[in-house]
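Top line first, the protein sequences correspond to chains A and B. Take the first sequence: its position 43, counting from 1, is numbered 49 in our numbering, and each next residue is one higher. Take the second sequence: its position 162, counting from 1, is numbered 168 in our numbering, and each next residue is one higher. All C-beta atoms, glycine included, are put in the ideal place defined by N, C-alpha and C. As the structure is a prediction and not an experimental result, all values here were calculated from the model. One structure is given below, encoded as structure tokens.
Protein chains: 2
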Amino acid sequence: MGDNGEYSSQFFGEAVAEFMRLPGVGRKSAQRYALHMLGRPIEERKRFIAAIQRFLEEVQHCPECHGLSDDGGVCSICASRSRDRAILCVVADTRDVMAIEHSQSYRGLYYVMGGLIDPMQGIGPSQLPIDQLLSTIVGKGIREVILAFGATMEGDTTQFYLQRCIAPTGVTISQPARGVSLGENLEQADGMTLGTAFAQRVVINPGSTVERNVKKADQTR
Amino acid sequence: MGDNGEYSSQFFGEAVAEFMRLPGVGRKSAQRYALHMLGRPIEERKRFIAAIQRFLEEVQHCPECHGLSDDGGVCSICASRSRDRAILCVVADTRDVMAIEHSQSYRGLYYVMGGLIDPMQGIGPSQLPIDQLLSTIVGKGIREVILAFGATMEGDTTQFYLQRCIAPTGVTISQPARGVSLGENLEQADGMTLGTAFAQRVVINPGSTVERNVKKADQTR
Numbered sequence: 007m008g009d010n011g012e013y014s015s016q017f018f019g020e021a022v023a024e025f026m027r028l029p030g031v032g033r034k035s036a037q038r039y040a041l042h043m044l045g046r047p048i049e050e051r052k053r054f055i056a057a058i059q060r061f062l063e064e065v066q067h068c069p070e071c072h073g074l075s076d077d078g079g080v081c082s083i084c085a086s087r088s089r090d091r092a093i094l095c096v097v098a099d100t101r102d103v104m105a106i107e108h109s110q111s112y113r114g115l116y117y118v119m120g121g122l123i124d125p126m127q128g129i130g131p132s133q134l135p136i137d138q139l140l141s142t143i144v145g146k147g148i149r150e151v152i153l154a155f156g157a158t159m160e161g162d163t164t165q166f167y168l169q170r171c172i173a174p175t176g177v178t179i180s181q182p183a184r185g186v187s188l189g190e191n192l193e194q195a196d197g198m199t200l201g202t203a204f205a206q207r208v209v210i211n212p213g214s215t216v217e218r219n220v221k222k223a224d225q226t227r
Numbered sequence: 007m008g009d010n011g012e013y014s015s016q017f018f019g020e021a022v023a024e025f026m027r028l029p030g031v032g033r034k035s036a037q038r039y040a041l042h043m044l045g046r047p048i049e050e051r052k053r054f055i056a057a058i059q060r061f062l063e064e065v066q067h068c069p070e071c072h073g074l075s076d077d078g079g080v081c082s083i084c085a086s087r088s089r090d091r092a093i094l095c096v097v098a099d100t101r102d103v104m105a106i107e108h109s110q111s112y113r114g115l116y117y118v119m120g121g122l123i124d125p126m127q128g129i130g131p132s133q134l135p136i137d138q139l140l141s142t143i144v145g146k147g148i149r150e151v152i153l154a155f156g157a158t159m160e161g162d163t164t165q166f167y168l169q170r171c172i173a174p175t176g177v178t179i180s181q182p183a184r185g186v187s188l189g190e191n192l193e194q195a196d197g198m199t200l201g202t203a204f205a206q207r208v209v210i211n212p213g214s215t216v217e218r219n220v221k222k223a224d225q226t227r
């Protein structure tokens, strides 16, 4: 090893150490990242630095949905006039917003709780912005609230608690369907999932609930 | 999706796009990196940016070994007085220097060729700094040159060519042993590797070459 550290260049070593702070990045990946960037044209290096710097210095939380927002103003989803402003999807985390947006299956608004009720981690309802959620629901004239949490103990607990808080407002409360994942064989699905999938099974013959649901969804678009 | 881009924050989207330029990083990892950094304390974010920036702006190549060097001066390996300055290990790439340093099996100097002879890619001997390598060998009074290239067609071609260039200087020329990787079963090794391992087999009974090599290595330490 070099005598001023692990590498022949101290600055290289420091960059590798910083890349290794990223989740799931080990020494080899960090070295690959640093060497890759070093081999890029000067304009590309500058753009890399500038983008990461601006992001880390500027990005804040949207005052309305608590999702990510440039410069602390209202985020582009909350500001958009082309979204259905009567549906609010409540999620635990900004990652969930990204996953749902990526699926292109939802065109309403979001509300990011910033966590889930988790007694094991000492997180109770008082640490979640529930009052603000209720004000949003009433203030914005929301018609339907989708409680979109993971199918976990914490997700279910939070959903159950929020359901009781929101019920008095009179809005429709829904949750994403649970069942067999697309591309999954029945034998791959775990017993709990299969149990839910059978309990919440949907009729598929013509004129059935599913067809009616599809028509209803078409009308609301 | 947000209407100003894919995310509710444009700066977030730009940071994700930049992280995705790193080798082997897809959208999900890039998002994870960006969100992870966003969740770190302000000092940590600043240190991340500063380290990557200094690295990308300052690191250059060492004028002696062509490896990585801070600020374009002689690198810490070439400058070190505690290394054996009579052995020169010739490698294709700075990555190889890192891999060898990490193995802690070598305490001599390096020379980074910056590539291998590869006719398929249009890289011939004239594109490699062979004259400078020969000057280094003679000028520094090198006693042994280790040609440490990968066991590939390009590595073998480069080794063969360099061997003929270096031979007139009269220095000892060596190459790392080739054979069965540690932890690998014989049945896992490919036929070429097994063939080499058998052709270059070493005698292991007491007083044999291996024992003598070990003693010789001990003396040179």
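(message) Going by the DSSP bridge assignment, what does Gly94 of chain A pair with across the sheet?
(response) Correcting the residue identity first, residue 94 of chain A is Leu in this sequence and not Gly. Note: Leu94 of chain A sits in a beta bridge opposite A:Leu115, A:Val151.
(request) List in chain order: all unbroken alpha helix (DSSP H) runs of 4+ residues lying wholly within the region 127-209 of chain B. (result) 136-145, 159-172, 197-205
(message) Tell me which residues of the region 79-104 of chain A have at least one Cβ-Cβ distance to chain B shorter than 9 Å, keeping chain order.
(response) Cys81, Ser82, Ile83, Cys84, Ala85, Ser86, Arg87, Ser88, Arg89, Asp99, Thr100, Arg101, Val103, Met104
(message) Does the CB of Gln181 of chain A have a neighbour CB from chain B at under 7 Å?
(response) no
(request) Can you tell me the Cβ-Cβ gap for Ala92 of chain B and Gly147 of chain B, rounded? I've got them flagged as a contact below 8 Å. (result) 7 Å
(request) Check whether the Cβ of Met43 of chain A lies closer than 7 Å to any Cβ atom in chain B. (result) yes
(request) Please list the partners that Gln133 of chain B has in chain A, where partner means a Cβ-to-Cβ separation under 9 Å. (result) Per Cβ cutoff of 9 Å: no residues; Gln133 of chain B is ~16 Å from chain A at best.
(message) With a threshold of 8 Å on Cβ separation, who are the neighbours of Leu192 of chain B within its own chain once the five nearest residues in sequence on each side are excluded?
(response) Val186, Leu200
(message) Report the start-end ranges of each alpha helix (DSSP H) in the region 36-95 of chain A that is 4 residues or longer and not cut off at the edges.
(response) 48-64, 82-85
(message) Can you confirm whether Val177 of chain B, when its beta carbon is compared against all beta carbons of chain A, has any partner nearer than 7 Å?
(response) no
(request) Please confirm whether Ser75 of chain A and Ser15 of chain B have their CB atoms less than 7 Å apart. (result) yes
(request) Drop a sphere of 10 angstroms on the beta-carbon of Glu190 of chain A, count the other beta-carbons inside from all chains shown, and report buried for 16 or more, exposed for fewer. (result) exposed
(request) Find the nearest neighbour of Leu122 of chain B within the set B:Ala56, B:Cys171, B:Thr158, B:Thr142, judged by alpha-carbon distance. (result) B:Thr158
(message) Please classify Arg227 of chain A as buried or exposed, where buried requires at least 16 neighbouring CB atoms within 10 angstroms.
(response) Only weak support exists for where Arg227 of chain A lies, its pLDDT of 47 falling under 50; the value from the coordinates is given anyway. Classification of Arg227 of chain A: exposed, given that the 10 Å Cβ count is below 16.
(request) Please report the residue range of the alpha helix (DSSP H) in which Val31 of chain B lies. (result) Element bounds for Val31 of chain B: n/a, residue is neither H nor E.
(request) With a 10 Å radius around its C-beta and 16 neighbouring C-beta atoms as the bar for buried, classify Arg170 of chain A as buried or exposed. (result) exposed
(request) Take every Cβ of the region 55-73 of chain A, pair it with every Cβ of the region 42-55 of chain B, and state whether three or more of those distances are shorter than 8 Å. (result) yes
(message) Using 7 Å as the threshold, is the C-beta distance between Val151 of chain A and Val118 of chain A below it?
(response) no
(message) For a quick check, are the C-beta atoms of Glu24 of chain B and Phe54 of chain A less than 7 Å apart?
(response) yes
(message) So, at 8 Å on beta carbons, what are the nonlocal neighbours of Gly130 of chain B in its own chain, with the 5 sequence-adjacent residues on each side left out?
(response) Ile123
(message) Here's the rule: buried if 16 or more other CB atoms are within 10 angstroms of the residue's CB, otherwise exposed. What is Ala173 of chain A?
(response) exposed
(message) Contact criterion: CB-CB distance below 7 Å. Does Leu115 of chain B meet it with respect to chain A?
(response) no
(request) Note the first and the last residue of the continuous alpha helix (DSSP H) segment covering Asp102 of chain B. (result) 100-109
(request) Check each candidate in B:Asp102, B:Leu115, B:Arg38, B:Thr164 and name the one with the smallest Cα separation from Ser132 of chain B. (result) B:Thr164
(message) Considering Cα atoms alone, identify which of A:Ser180, A:Gln37, A:Gly32 is closest to Asp102 of chain B.
(response) A:Gln37
(message) Quick check: is the beta carbon of Pro29 of chain A nearer than 7 Å to any beta carbon in chain B?
(response) yes
(request) Whole angstroms is fine: what's the gap from Leu28 of chain A's alpha carbon to Ser35 of chain A's? (result) 10 Å
(message) Which residue wins for smallest C-alpha separation from Ser88 of chain B, given the options B:Leu168, B:Gly156, B:Arg113?
(response) B:Arg113
(request) Measuring only between beta-carbons, confirm whether Asp196 of chain B sits less than 7 Å from chain A. (result) no
(request) List the residues of chain B whose Cβ lies closer than 8 Å to the Cβ of Cys68 of chain A, in chain order. (result) Ser14
(message) Our contact map puts Ala21 of chain A next to Ala57 of chain B with C-beta atoms below 8 Å; I'd like the distance itself, whole angstroms only.
(response) 5 Å
(request) Using the Cα positions of Met104 of chain B and Tyr116 of chain B, report the straight-line distance between them to the nearest angstrom. (result) 11 Å
(request) Leaving aside the five residues before and after Met26 of chain B along the sequence, list all residues of the same chain whose C-beta is less than 6 Å from its C-beta, in chain order. (result) Ala36
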